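Novice: Per the working numbering, the very first residue in the sequence shown carries number 2; after that it's consecutive.
Here a beta-carbon is modelled for each residue, glycine too, at the ideal position from N, C-alpha and C.
Source: prediction; values computed, not measured.
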Amino acid sequence: MGTSLDVRVKRAGKVYRDGEILSGVVVITSKDTVQHQGISLTMEGSVNLQLSAKNVGVFEAFCNTAKPIQIISSTIEMVKPGKLPSGKTEIPFEFPLQMKGNKVLYETYHGVFVNIQYTLRCDMRRSLLAKDLTKTCEFIVHSLSQKGKLLPSPVDFTITPETLQNVKERASLPKFLIRGHLNSTNCVITQPLTGELVVESAEGAVKSIELQLVRVETCGCAEGYARDATEIQNIQIADGDVCRGLPIPIHMVFPRLFTCPTLETTNFKVVGLVLDSASHGIVSLFSPLVAEFEVNIVVLLHDDHLITENFPLKLCRM
Numbered sequence: 002m003g004t005s006l007d008v009r010v011k012r013a014g015k016v017y018r019d020g021e022i023l024s025g026v027v028v029i030t031s032k033d034t035v036q037h038q039g040i041s042l043t044m045e046g047s048v049n050l051q052l053s054a055k056n057v058g059v060f061e062a063f064c065n066t067a068k069p070i071q072i073i074s075s076t077i078e079m080v081k082p083g084k085l086p087s088g089k090t091e092i093p094f095e096f097p098l099q100m101k102g103n104k105v106l107y108e109t110y111h112g113v114f115v116n117i118q119y120t121l122r123c124d125m126r127r128s129l130l131a132k133d134l135t136k137t138c139e140f141i142v143h144s145l146s147q148k149g150k151l152l153p154s155p156v157d158f159t160i161t162p163e164t165l166q167n168v169k170e171r172a173s174l175p176k177f178l179i180r181g182h183l184n185s186t187n188c189v190i191t192q193p194l195t196g197e198l199v200v201e202s203a204e205g206a207v208k209s210i211e212l213q214l215v216r217v218e219t220c221g222c223a224e225g226y227a228r229d230a231t232e233i234q235n236i237q238i239a240d241g242d243v244c245r246g247l248p249i250p251i252h253m254v255f256p257r258l259f260t261c262p263t264l265e266t267t268n269f270k271v272v273g274l275v276l277d278s279a280s281h282g283i284v285s286l287f288s289p290l291v292a293e294f295e296v297n298i299v300v301l302l303h304d305d306h307l308i309t310e311n312f313p314l315k316l317c318r319m
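1) Does any residue of chain C have a CB that is nearer than 8 angstroms to the CB of Thr260?
2) Could you compute how far the alpha carbon of Ser18 sits from the alpha carbon of Glu45?
3) So what does DSSP say about Ser173, is it helix, strand or coil?
4) Quick check on the DSSP output: what are the complete beta strand (DSSP E) runs of length 3 or more inside the region 136-194, in order along the chain?
5) Would you check if the distance between the CB atom of Ile343 and the CB atom of Leu212 is smaller than 8 angstroms?
6) Within 10 angstroms of its Cβ, does Asn268 collect 16 or more other Cβ (buried), or is it exposed?
7) What residue from Leu214, Gly241, Phe259 and Ala230 has the CA that sits closest to His252's CA?
8) Going by beta carbon distance, what residues of the same chain come within less than 7 angstroms of Ser47, once the five residues before and after it are set aside?
9) State the Cα-Cα distance for the pair Pro262 and Pro153, rounded to the nearest angstrom.
10) Apart from the five residues on each side of it in sequence, which residues of its chain come closer than 8 angstroms, Cβ to Cβ, to Cys317?
11) Return the CA-CA distance between Tyr110 and Met100, expressed in angstroms with no decimal places.
12) Secondary structure at Arg257, three-state DSSP: helix, strand or coil?
13) By alpha-carbon positions, which one of Arg12, Ser24, Lys15 and Ser5 ends up nearest to Lys32?
14) Going by C-alpha distance, which of Leu121, Cys244, Ser209 and Phe259 is nearest Val325?
15) Can you say whether Leu42 is buried or exposed, counting buried as having 16 or more other CB atoms within 10 angstroms of its CB?
16) Considering only the alpha carbon of each residue, which of Leu174, Arg12, Leu194 and Val217 lies closest to Pro256?
17) Could you please give the first and the last residue of the uninterrupted beta strand (DSSP E) stretch that includes Lys84?
18) Among the residues of its own chain, which have a CB less than 7 angstroms from the CB of Gly39, if the five just before and after it don't count?
19) For Ala131, which of helix, strand or coil comes out of DSSP?
20) Taking all protein chains shown into account, do 16 or more other C-beta atoms lie within 10 angstroms of the C-beta of Ile308, making it buried, or fewer, making it exposed?
21) By the DSSP assignment, the beta strand (DSSP E) with Phe114 in it spans what residues?
22) Considering only the alpha carbon of each residue, which of Thr90, Thr34 and Ile92 lies closest to Lys84?
23) Taking 8 angstroms as the limit between beta carbons, can you name the residues of its chain near Asp133, skipping five residues before and five after?
24) Have a look at Phe259 and Gln234 and give me their C-alpha separation to the nearest angstrom.
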């Protein structure tokens with residue numbers, strides 16, 4: 002067995018907030034004495050811009066000039082050059098998650114065009130005859146809870162052939178009537194989206210009813226705009242030809258990392274994520290990049306007719 006390097010944070014969920022202390026241990030394991038040229042630990046947070054595969058060519062000029070934007074960075078020297086004994090050695094560390102001035106730590110977000118990511122990287126430098134060791138560990142940053150109360154925004158909906166949009170042959174659709182409600186489209190990200198759906202009548206048999214959570218990101222520059230809709234998760238709430246008039250509960254938990262609360266500053270806008278060139282020196286070609294969240298109620302009939310109703314969502318952390 003060679004020498005192994007690991008980085009472990011104390012919290013099992015790896016979730017931290019602005020102003021807290023990020024703590025843990027670096028673990029070095031080896032069956033022999035380890036000679037090294039120093040061990041350092043770096044904490045980094047950055048915004049990385051990336052292209053969707055189908056939009057390559059539209060923003061190449063822009064993305065070639067837009068380097069990752071650093072949110073936070075700090076490096077400490079944990080151990081000076083020397084030797085470590087055989088067996089397991091644990092070295093504790095602490096990093097304050099504190100931004101200077103009025104800046105804030107933006108929430109971890111894994112999107113199509115933008116990633117906001119925070120990592121710990123441990124580097125063990127060794128002699129020319131031994132390869133340097135590096136270990137990276139991602140930790141999660143949640144934004145601070147928003148002050149005040151969240152006002153609920155209940156939505157009642159009725160779906161019939163007449164209410165559908167973008168339908169070419171409306172007359173060929175079977176008759177149906179679907180009613181329901183969402184308890185609120187203003188959602189606390191740690192609580193489920195809830196509501197109820199009732200199939201009042203349908204000439205065709207129902208095959209499936211699903212909830213589809215969608216992220217829509219819009220990116221633009223002088224060369225044009227691109228809009229990508231990405232399905233984050235799909236939950237089936239009914240299978241088969243459901244009883245008419247039977248209430249079907251709507252219940253969807255928001256996945257972490259792939260959803261984030263609404264956040265608006267001069268630098269970013271999340272629900273949209275908006276990157277402003279003014280404070281980071283990015284070329285002025287950069288215009289807003291937006292990520293919005295929506296939920297689709299999808300009803301599939303046995304004759305392959307697909308019925309979709311769309312509802313924009315606003316997410317927050319309380």
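Specialist: From the atom records:
1) Among the chains of the structure shown, chain C does not appear; only one protein chain is present.
2) Checking the sequence, you will find Arg at residue 18 rather than Ser. Going from the Cα of Arg18 to the Cα of Glu45 covers about 15 angstroms.
3) helix
4) 156-160, 177-183 and 187-189
5) With the chain covering 2 to 319 only, the question about residue 343 has no answer from this structure.
6) Low confidence applies to Asn268: its pLDDT is 42, below 50, so where it sits in the model is not reliable enough to give any reading.
7) Leu214
8) Pro69, Ile70, Gln71, Ile72 and Gln118
9) 16 angstroms
10) Gln147, Leu151, Asn187, Cys188, Val189, Ile190, Pro262 and Thr263
11) 18 angstroms
12) coil
13) Ser5
14) Any answer about residue 325 is impossible in this case: the structure gives the chain only from 2 up to 319.
15) buried
16) Leu194
17) Gly83 to Leu85
18) Glu78, Val80, Lys81, Pro82 and Arg126
19) coil
20) buried
21) Neither: Phe114 is in no beta strand (DSSP E) and is coded neither H nor E.
22) Thr34
23) Asp124, Met125, Arg126 and Arg127
24) 10 angstroms
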